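**Q**
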Amino acid sequence: MKRLIAGLLTAVVLTATACGGAGQNTEQNKGEAAEASAVTAEEPAAEEPAAEDPSAEEPAAEEPKEDGEAQQAAEDTIPYWTEDSAAAASIVSYVKAVTEESSERFIPEEERIAVFDFDGTLYGELYPTYFDTCLMMHRALHDDTYEAPAEIREYAKTLEDALLNFEPEPDSKLSSAQCSAEMFKGLTHEEYSAYIREYMKEPAYGFEGMTYAEGFYKPMTALVQYLSEHGFTVFISSGSERTIVRELIKGKLDQWVPSYRVIGSTFSLAATGQGDKDGRKYTYAPEDQVIMEGNLVVKNQKTNKVFSIVNEIGAAPVLVFGNSSGDLAMGQYAVQNGGQAYMLLCDDTERDYGKPDVAESFAKECADLGFTTVSMKNDFAAIYGDGAVKVVPQTAPEEASEGQTAEAAEEPAVEETADPAGNEAEEEALSPAA
Numbered sequence: 174m175k176r177l178i179a180g181l182l183t184a185v186v187l188t189a190t191a192c193g194g195a196g197q198n199t200e201q202n203k204g205e206a207a208e209a210s211a212v213t214a215e216e217p218a219a220e221e222p223a224a225e226d227p228s229a230e231e232p233a234a235e236e237p238k239e240d241g242e243a244q245q246a247a248e249d250t251i252p253y254w255t256e257d258s259a260a261a262a263s264i265v266s267y268v269k270a271v272t273e274e275s276s277e278r279f280i281p282e283e284e285r286i287a288v289f290d291f292d293g294t295l296y297g298e299l300y301p302t303y304f305d306t307c308l309m310m311h312r313a314l315h316d317d318t319y320e321a322p323a324e325i326r327e328y329a330k331t332l333e334d335a336l337l338n339f340e341p342e343p344d345s346k347l348s349s350a351q352c353s354a355e356m357f358k359g360l361t362h363e364e365y366s367a368y369i370r371e372y373m374k375e376p377a378y379g380f381e382g383m384t385y386a387e388g389f390y391k392p393m394t395a396l397v398q399y400l401s402e403h404g405f406t407v408f409i410s411s412g413s414e415r416t417i418v419r420e421l422i423k424g425k426l427d428q429w430v431p432s433y434r435v436i437g438s439t440f441s442l443a444a445t446g447q448g449d450k451d452g453r454k455y456t457y458a459p460e461d462q463v464i465m466e467g468n469l470v471v472k473n474q475k476t477n478k479v480f481s482i483v484n485e486i487g488a489a490p491v492l493v494f495g496n497s498s499g500d501l502a503m504g505q506y507a508v509q510n511g512g513q514a515y516m517l518l519c520d521d522t523e524r525d526y527g528k529p530d531v532a533e534s535f536a537k538e539c540a541d542l543g544f545t546t547v548s549m550k551n552d553f554a555a556i557y558g559d560g561a562v563k564v565v566p567q568t569a570p571e572e573a574s575e576g577q578t579a580e581a582a583e584e585p586a587v588e589e590t591a592d593p594a595g596n597e598a599e600e601e602a603l604s605p606a607a
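Counting from 174, one number per residue, gives the positions in the sequence shown under the numbering used here.
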């Protein structure tokens, strides 16, 4: 993607008042008048220490109350969300209800499970597509150290051109995920991880002042921290391959979501000395290393996300956060078990590559299911880091839409709310947005 990026990056006293008081003089005989007068003259000086007393300290005595109010206000606020965000207020209200022991809705800590989708929910589905797909195209087309199979290279080139020109995705039996699995075959797992880390240093396509490693939504990162601090165990369930997600969250989310709580699509693995033997019949040897075997085992999308929650977590989440039709299944699973689901709407076209039509359609779908929606445009006070600037002009492919039937014109919207990382079935082509 380097050659494509280069052509598009352009762009808040306490005041104490001392009060003096006059002492009382005792009537003395005339011979003692001078002495009494002298005592009287000295009394103002003796009163000065008293001036530092109650009145000056009264405001300070109120400070604990003020601090308590400030602390409560902070607990009722999630950083980087707008002050009038109904979605944020809903989340805070829910958290209060389930964490207060006297509440009828109280949930013990061990049952407070929250599951987040990754792409488009925690991390930007950066233009023109998901990180893992950008990684795939980079490997196939722009990595001078690797020569991709001709069929994969052709698919990647057609896909890249289509994405950059707002054209329909190529009709292909190939999928981005399977292509990635094949192209990393033979690398040790650490070599594969290192490759991901290296690509994360690249400038995020369509933005200035941000690398792929920095493409996290600040309000959602703050939300993960907020939930963790209130006794929730947070998991990530992504359509992207899990090693990719684990590398991306290092230094960003892993203090609240350790790698073992990341669920994702799965690539097959093997041992270097395993050969053609099945893993059930081979014993890992001292000299062995884990290598990428080259196949996509499970695509963690839609109902597969429910299955992975059952298999890998073993309990239903009480909170689910997503952004696409690929997340509706696990949202329904949470609601079915008494939880709540929140879905992000990709409606910000100023700070991100939003798609209002897609957001509007998805909002209706979520409303029908009883899910709460989060407007990136209206609920997020910030999206990315302070230095991140969107630089690629967002131009809708109007020409391609003209003359299409209403059904055909809506097809991209359905695909765009599909699943992260090309979450369509393996035999279908990659969907470029969510």
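Ideal Cβ placement from N, Cα and C applies to all residues, glycine included. Just so it is clear, the structure is predicted and the values come from calculations on it, not from any experiment.
I need the DSSP call for Ala514, collapsed to helix, strand or coil.
**A** In this structure, Ala514 counts as strand in the three-state DSSP scheme.
**Q** What residue range does the beta strand (DSSP E) around Val407 cover?
**A** Counting along the chain, the beta strand (DSSP E) containing Val407 begins and ends at Thr406 to Glu414.
**Q** The beta strand (DSSP E) with Gly543 in it runs from where to where?
**A** Premise fails: Gly543 is in no beta strand (DSSP E) and is neither H nor E.
**Q** Span of the beta strand (DSSP E) holding Glu284?
**A** From DSSP, Glu284 is part of no beta strand (DSSP E); its letter is neither H nor E.
**Q** Considering Gly437, what are the terminal residues of the alpha helix (DSSP H) in which it resides?
**A** Run containing Gly437: none in the alpha helix (DSSP H); it sits in the beta strand (DSSP E), Val435 to Ala444.
**Q** Along the alpha helix (DSSP H) that carries Val397, what are the first and last residues, could you check?
**A** Lys391 to Glu402 is the extent of the alpha helix (DSSP H) around Val397.
**Q** Quick check: what's the CA-CA separation for Gly297 versus Arg370?
**A** Those two C-alpha atoms are separated by around 17 Å.
**Q** Determine the closest residue to Pro343 out of Phe357, Glu324 and Met356, with distance taken between C-alpha atoms.
**A** Nearest C-alpha to Pro343: Glu324.
**Q** Taking C-beta to C-beta, are Tyr515 and Val547 nearer than 7 Å?
**A** Contact: yes.
**Q** Does Ala189 come out as helix, strand or coil in the three-state DSSP assignment?
**A** Because the pLDDT at Ala189 is just 37, under 50, the model does not fix this residue reliably, and the value given afterwards should be weighed accordingly. Note: Ala189 maps to coil in three-state DSSP.
**Q** State the Cα-Cα distance for the pair Gly424 and Val418, rounded to the nearest angstrom.
**A** Those two C-alpha atoms are separated by around 12 Å.
**Q** Going by the CB atoms, is the gap between Cys352 and Met309 shorter than 7 Å?
**A** Contact flag set, yes.
**Q** Starting from Asn484, follow the alpha helix (DSSP H) in both directions and report where the run begins and ends.
**A** Element bounds for Asn484: Thr476 to Glu485.
**Q** Residues bridged to Tyr296 by DSSP?
**A** Its beta-bridge partners are Asp292 and Phe389.
**Q** In chain order, which continuous runs of the alpha helix (DSSP H) of length 4 or greater are located wholly inside the segment 294-347?
**A** Taking only runs of at least 4 residues, the alpha helix (DSSP H) segments lying wholly in the segment 294-347 are 304-310 and 323-337.
**Q** Going straight from the alpha carbon of Ala329 to that of Ile436, what length do you get?
**A** Their backbone Cα atoms lie some 26 Å apart in a straight line.
**Q** So, do the segment 383-401 and the segment 547-558 have three or more beta carbon pairs nearer to each other than 8 Å?
**A** The segment 383-401, when compared against the segment 547-558, does touch it at the 8 Å Cβ threshold.
**Q** Thinking just about the alpha-carbon of each residue, which of Val271, Ala259 and Trp254 is nearest to the one in Phe405?
**A** Nearest of Val271, Ala259 and Trp254 to Phe405, Cα basis: Val271.
**Q** Tell me which residues share the same chain as Glu333 and place their Cβ nearer than 7 Å to its Cβ, disregarding the 5 neighbours each side in the sequence.
**A** Only Met310 and Leu314 meet the Cβ criterion.
**Q** Among Leu347, Val493, Glu460 and Gly359, which residue has its Cα nearest to the Cα of Ile409?
**A** Closest option to Ile409, Cα to Cα, is Val493.
**Q** Below 8 Å, how does it come out for the segment 468-476 and the segment 445-453: are there three or more Cβ pairs, yes or no?
**A** Because the criterion of three Cβ pairs below 8 Å is not met, the segment 468-476 and the segment 445-453 do not touch.
**Q** In its own chain, which residues sit with a C-beta less than 6 Å from the C-beta of Ser258, not counting the 5 before and 5 after it?
**A** For Ser258, where only same-chain residues beyond five positions count, the Cβ hits under 6 Å are Asp552.
**Q** Take the Cβ of Ala261 as the centre, count every other Cβ of all protein chains shown within 10 Å, and call the residue buried at 16 or more, exposed below.
**A** Result: buried.
**Q** For Thr545, which residues of its own chain have a beta-carbon under 8 Å away from its beta-carbon, when the five flanking residues on both sides are left out?
**A** Around Thr545: Ala260, Ser263, Gln513, Ala514, Tyr515, Met516 and Cys539.
**Q** Residues in its own chain within less than 7 Å of Glu327 by CB, not counting five upstream and five downstream?
**A** Closer than 7 Å at the Cβ level, and outside the excluded window around Glu327, lies no residue.
**Q** With DSSP as the reference, identify every bridge partner of Met503, one or two as the case may be.
**A** Beta-bridge pairing links Met503 to no other residue.
**Q** With DSSP as the reference, identify every bridge partner of Ile464, one or two as the case may be.
**A** DSSP, once it has assigned bridges, lists Thr361 and Ala443 as partnering Ile464.
**Q** Please classify Gln447 as buried or exposed, where buried requires at least 16 other C-beta atoms within 10 Å of its C-beta.
**A** Its Cβ being crowded by 16 or more others within 10 Å, Gln447 is buried.
**Q** Relative to the C-alpha of Thr294, which residue among Val397, Ser345 and Ser266 is closest?
**A** Measuring from the Cα of Thr294, the nearest candidate turns out to be Val397.
**Q** Helix, strand or coil: how does DSSP classify Gly495 here?
**A** Reduced to three states, the DSSP call for Gly495 is strand.
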